[in-house]
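Working notes, beginning with the structure itself.
4 protein chains.
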Amino acid sequence: MTDAPPPAGPGRRRRGPSPAKTAATRRALVEAGLALFLDTGYGATRMSDVALRAGLGKGTIYLHFSDKAALFDAVVREVALRTRAQRALPRPRPNEPTRDFLRRVVPPLLGLFRDSGLSRVILLVASEGARLPEVADVYRQVIIDPVLRIVVLYAGRAERRGELRAGPLSRHPLIMVAPVVVTTLYNTLFAGAAPVDVLATFDDFLDLLFAAGAKSPA
Amino acid sequence: MTDAPPPAGPGRRRRGPSPAKTAATRRALVEAGLALFLDTGYGATRMSDVALRAGLGKGTIYLHFSDKAALFDAVVREVALRTRAQRALPRPRPNEPTRDFLRRVVPPLLGLFRDSGLSRVILLVASEGARLPEVADVYRQVIIDPVLRIVVLYAGRAERRGELRAGPLSRHPLIMVAPVVVTTLYNTLFAGAAPVDVLATFDDFLDLLFAAGAKSPA
Amino acid sequence: MTDAPPPAGPGRRRRGPSPAKTAATRRALVEAGLALFLDTGYGATRMSDVALRAGLGKGTIYLHFSDKAALFDAVVREVALRTRAQRALPRPRPNEPTRDFLRRVVPPLLGLFRDSGLSRVILLVASEGARLPEVADVYRQVIIDPVLRIVVLYAGRAERRGELRAGPLSRHPLIMVAPVVVTTLYNTLFAGAAPVDVLATFDDFLDLLFAAGAKSPA
Amino acid sequence: MTDAPPPAGPGRRRRGPSPAKTAATRRALVEAGLALFLDTGYGATRMSDVALRAGLGKGTIYLHFSDKAALFDAVVREVALRTRAQRALPRPRPNEPTRDFLRRVVPPLLGLFRDSGLSRVILLVASEGARLPEVADVYRQVIIDPVLRIVVLYAGRAERRGELRAGPLSRHPLIMVAPVVVTTLYNTLFAGAAPVDVLATFDDFLDLLFAAGAKSPA
DNA sequence: AATGAATGAGTGTTCATTCAT
DNA sequence: TATGAATGAACACTCATTCAT
Chain A
1 MTDAPPPAGP
11 GRRRRGPSPA
21 KTAATRRALV
31 EAGLALFLDT
41 GYGATRMSDV
51 ALRAGLGKGT
61 IYLHFSDKAA
71 LFDAVVREVA
81 LRTRAQRALP
91 RPRPNEPTRD
101 FLRRVVPPLL
111 GLFRDSGLSR
121 VILLVASEGA
131 RLPEVADVYR
141 QVIIDPVLRI
151 VVLYAGRAER
161 RGELRAGPLS
171 RHPLIMVAPV
181 VVTTLYNTLF
191 AGAAPVDVLA
201 TFDDFLDLLF
211 AAGAKSPA
Chain B
1 MTDAPPPAGP
11 GRRRRGPSPA
21 KTAATRRALV
31 EAGLALFLDT
41 GYGATRMSDV
51 ALRAGLGKGT
61 IYLHFSDKAA
71 LFDAVVREVA
81 LRTRAQRALP
91 RPRPNEPTRD
101 FLRRVVPPLL
111 GLFRDSGLSR
121 VILLVASEGA
131 RLPEVADVYR
141 QVIIDPVLRI
151 VVLYAGRAER
161 RGELRAGPLS
171 RHPLIMVAPV
181 VVTTLYNTLF
191 AGAAPVDVLA
201 TFDDFLDLLF
211 AAGAKSPA
Chain C
1 MTDAPPPAGP
11 GRRRRGPSPA
21 KTAATRRALV
31 EAGLALFLDT
41 GYGATRMSDV
51 ALRAGLGKGT
61 IYLHFSDKAA
71 LFDAVVREVA
81 LRTRAQRALP
91 RPRPNEPTRD
101 FLRRVVPPLL
111 GLFRDSGLSR
121 VILLVASEGA
131 RLPEVADVYR
141 QVIIDPVLRI
151 VVLYAGRAER
161 RGELRAGPLS
171 RHPLIMVAPV
181 VVTTLYNTLF
191 AGAAPVDVLA
201 TFDDFLDLLF
211 AAGAKSPA
Chain D
1 MTDAPPPAGP
11 GRRRRGPSPA
21 KTAATRRALV
31 EAGLALFLDT
41 GYGATRMSDV
51 ALRAGLGKGT
61 IYLHFSDKAA
71 LFDAVVREVA
81 LRTRAQRALP
91 RPRPNEPTRD
101 FLRRVVPPLL
111 GLFRDSGLSR
121 VILLVASEGA
131 RLPEVADVYR
141 QVIIDPVLRI
151 VVLYAGRAER
161 RGELRAGPLS
171 RHPLIMVAPV
181 VVTTLYNTLF
191 AGAAPVDVLA
201 TFDDFLDLLF
211 AAGAKSPA
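Protein chains in written order, with UniProt numbering: chain A, 1 to 218; chain B, 1 to 218; chain C, 1 to 218; chain D, 1 to 218.
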């Protein structure tokens, strides 16, 4: 279902359009697919619209993807990789409290989370995940699990430094991402309601989490 | 879009089938719709299958609901009300620590959350929410917001009792429900992965939250 | 296909609703059917609407008519008979020129033609005639042919009196009704265009027809 | 509602099937539609049957016509234009009596009227005209009104030549076409009855009309 | 490689007709 | 007789996918 592009290794090519152009076509399709899937959802997106938006013919899609599902898969992977690519997570300074470190590091990530469309893709995957379990799993492996590993890493540091009660967070790292995910979902889903401030919520969440560590010195 | 059943006021007795039977038919349709929407999603559920599952003819659906969307709306409302009906939230005992109270009270609610299909309905609403914003909003008003109001209530209590740093939670009550929602989503979405223990996660979350209050006495 | 009402002969009745009421119900249905068939056409008229308009239940129709087609048949017959009932065609005065006689007699008939809905029924029969040939034939026998016989009658008189060239009109009486039918059709069909004056057209037609007789005295 | 074929201007050559083939497909659909609409009427004609008869897939229809109504519209226009195309109405010879001219000219037109299906299309339009008023109006503008203009033209000639009483016919040209229309309708509608001879009727009609002119010389 | 006309399975919805009450 | 809830055959229309060009 994946339809990966043929490895661009410099084997015997020549003849036929340049691989560069092929890749460009493919990219245009993924881009168009991303935009439309996000806007209209998987089911309501017509293949013909994807082709139209990509400035290509309907049939062309099938030269690059076996299926609507395969296109969707490619779109999700694309967003996943694109987000990962900008990772470059900074490390805490030698004696920096973990809480300060998180305050410094998370907001830009959230901006990325929002702007990359990742949050809307989560919803999208949630929508179609049941029907396309492989897509959901790709998503988990490429995006969710790495994030959780990082949480575990810094949870360990905070625990070792006595900033956090040992155990809970490194056992259940989802706790850390939960507020951001939920507030984002809330805002996306209930567009009619007053939006919740994702960043402020996360900040208050940190306050609660590190209250013990923050208080005890006093 | 709601197609509510006509108020069963004791008007002039109707000839033909009893109103009771009519209500039963409606209920059967909602039930069948619920099961299928949950299992297959909105788009993939065929009206004919709903009828089949309800043991009724296809046309019968349209005697009770104007539309597929109207049926979906009714299904969501039904689940919402059904869940609310079993509320009967106990109150904390006079001197009971809020944390103990939550430990005592939340697990049954979680069971309800899981068993009522509410968690899957959340996903369902999330899936189709974009296409059916009114449904999403009904959902928020009937389910989400009341829960948040209760959270604010007990957050205030905990803060007044010095169990929690004042402010964060009553400002952003979503923090409280986030771990449960996210772990439930995780389990529903990534059926392929090892499931996360929702209850244990919530417990650990409480540990972190009330760490300050638990520690300081020591 | 006719579903005539059971002969009301005073056999063993008693028990069950009075035949009078039955007839009234039947009449209500025919009336409702007439109105709706004329307004919306045969195909677009729903049986449920007929029932609604008659203030009866859907099922009741089928106690009186086996079929939608049977109802239509009854409606057409009803209009046919109703129109005939008001016949009472006056006779020409002893020495009255046929042309004057027609001028005197036809306009009220045209009013009847228009007001009885007969013209619209013609269109209706024309619409569905192909699908319901028996209805069309009933129509011809009950309405058209009698009219043509009358035309033949007076055509003979006019010819005998030297008012009209002998032969053409009594051979082809349709000629006489043609202008009225065509102008009525025109007005009904092309509601967007300026309507043609049916009466004035008929008058001019008479002028042409009797020009010879009218002129020769000069 | 018209779905006219895009102007075949010599733009950038399209890949894929030739425009010629596209036009042929369209034509096949109109042809099939014509045949079936005439045979079974608008309502009773199934789109799938149109496709079948055209030797095409069901979906193909919708590449050329947005709607069943649009197809009907195209069919009616097609017949209208087809009939007009064969116009080439001859003119009266210098001193030819108008009546002789009409006798010479009308019969072939009647043949065309009959064979082109125009008469049946009139009935068809009459059937659906109420539901599709635009179609009826197209019909009037393209077929009916031009014919009436020609009638007015020759009515004037006949009147000027003293063959006809001045006024009536040029005021109400429908009189001229009425016998043909009515006899054709009669034959089409009452297939069960003995058919009326359209041509003979028209001939007798001319006899009556021009009786004055024919008589007075005597 | 690229195209878009052609396809036809699949779906929501309507409505004449039936029948238990 | 009267009713109206229930039925399911029927139909217009959509859209992912194919393939001749």
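Each residue gets a CB set at the ideal place from its N, CA and C atoms; glycine is no exception.
The Cβ of Ile144/D sits closer than 9 angstroms to at least one Cβ of chain C. Going by beta carbons, Val182/A and Leu110/A fall outside the 9 angstroms limit.
Rounded to the nearest whole angstrom, the CA to CA distance from Val105/C to Arg26/D is 53 angstroms. With the criterion set as a beta carbon lying under 7 angstroms from some beta carbon of chain C, the members of the stretch 186-197 of chain D are Tyr186, Leu189, Phe190, Ala191, Gly192, Ala193 and Val196, in sequence order. Along the stretch 147-171 of chain A, the positions whose C-beta sits under 9 angstroms from a C-beta of chain B are Leu164, Arg165, Gly167, Pro168, Leu169 and Arg171, read in chain order. Looking at Asp49/B, Asp207/B and Pro146/B, the one whose alpha-carbon comes closest to that of Pro168/A is Asp207/B. Taking Val30/A as the centre and dropping the five residues before and after it, the same chain places the C-beta of Ala74, Val75 and Glu78 closer than 6 angstroms to its C-beta, in chain order. DSSP places Pro94/D outside both helix and strand once states are collapsed to three, so it counts as coil.
The beta carbon of Phe113/C does not come within 9 angstroms of any beta carbon belonging to chain D, so the residue lies off that interface.
Not a single C-beta of chain D is nearer than 9 angstroms to the C-beta of Ile61/C. Only residues of its own chain outside the window of five on either side were considered, and among them Ala32, Ala35 and Leu36 have a CB closer than 7 angstroms to the CB of Arg53/D, listed in chain order. For Phe205/C, the closest Cβ of chain D is nearer than 9 angstroms. Separation of Val142/D and Met47/C (C-alpha to C-alpha, rounded to the nearest whole angstrom) is 37 angstroms.
For Pro146/D, the uninterrupted alpha helix (DSSP H) segment begins and ends at Asp145 to Arg160. Each residue's CA atom was taken as its position, placing Arg157/A and Arg140/B some 38 angstroms apart.
Counting only Cβ-Cβ distances below 7 angstroms, Thr183/D has contacts in chain C at Leu174, in chain order.
Assignment of Leu132/B by DSSP, reduced to helix, strand and coil, places it in the coil class. Of His64/B, Tyr62/B, Val196/B and Thr188/B, the smallest CA-CA separation from Ser127/A is found for Thr188/B. Between the C-alpha atoms of Glu159/A and Ala20/A there is a straight-line separation of about 50 angstroms.
Under a criterion of Cβ atoms nearer than 7 angstroms, the residues of chain D adjacent to Thr201/C are, in order, His172, Leu174 and Ile175. Comparing alpha carbon positions, the residue from Ala211/A, Arg114/A and Gly162/A closest to Leu185/A is Arg114/A. In this structure, Leu209/B sits near Arg99/B, with a CB-CB distance shorter than 9 angstroms. Cβ-Cβ separation between Leu38/C and Gly117/C: approximately 6 angstroms, consistent with a contact (criterion under 8 angstroms).
Using a Cβ distance threshold of 9 angstroms, Pro173/B and Leu148/B count as a contacting pair. Annotation: the stretch 21-54 of chain B contains the following complete segments of the alpha helix (DSSP H) (minimum length 4 residues), in chain order: 47-54. Interface annotation for the stretch 85-111 of chain D against chain C: empty, criterion Cβ-Cβ distance under 7 angstroms.
The Cβ atoms of Lys58/B and Ala51/B sit closer than 9 angstroms to each other.
Runs of the beta strand (DSSP E) lying entirely within the stretch 158-208 of chain C, each at least 3 residues long, are absent. In this structure Ala211/B touches Arg165/A by the C-beta definition: roughly 5 angstroms separates them, less than 8 angstroms. Counted as a single uninterrupted DSSP element, the alpha helix (DSSP H) harbouring Leu63/A occupies residues Lys58 to His64. Taking every protein chain shown into account, the CB of Ala23/D has fewer than 16 other CB atoms within 10 angstroms, so this residue is exposed. Under the Cβ criterion of 9 angstroms, Pro19/A is not counted among the residues facing chain B. Relative to Tyr42/B, the option among Ile122/B, Ala178/B, Ala193/B and Gly192/B whose CA is nearest is Ile122/B. CA-CA distance, Ala80/A to Asp49/C, rounds to 57 angstroms. Within a 10 Å sphere around the beta-carbon of Ser119/B sit 16 or more other beta-carbons, which makes this residue buried. By the Cβ-count criterion, Asp67/D is exposed, with fewer than 16 other Cβ atoms from all chains shown falling within 10 Å of its own Cβ.
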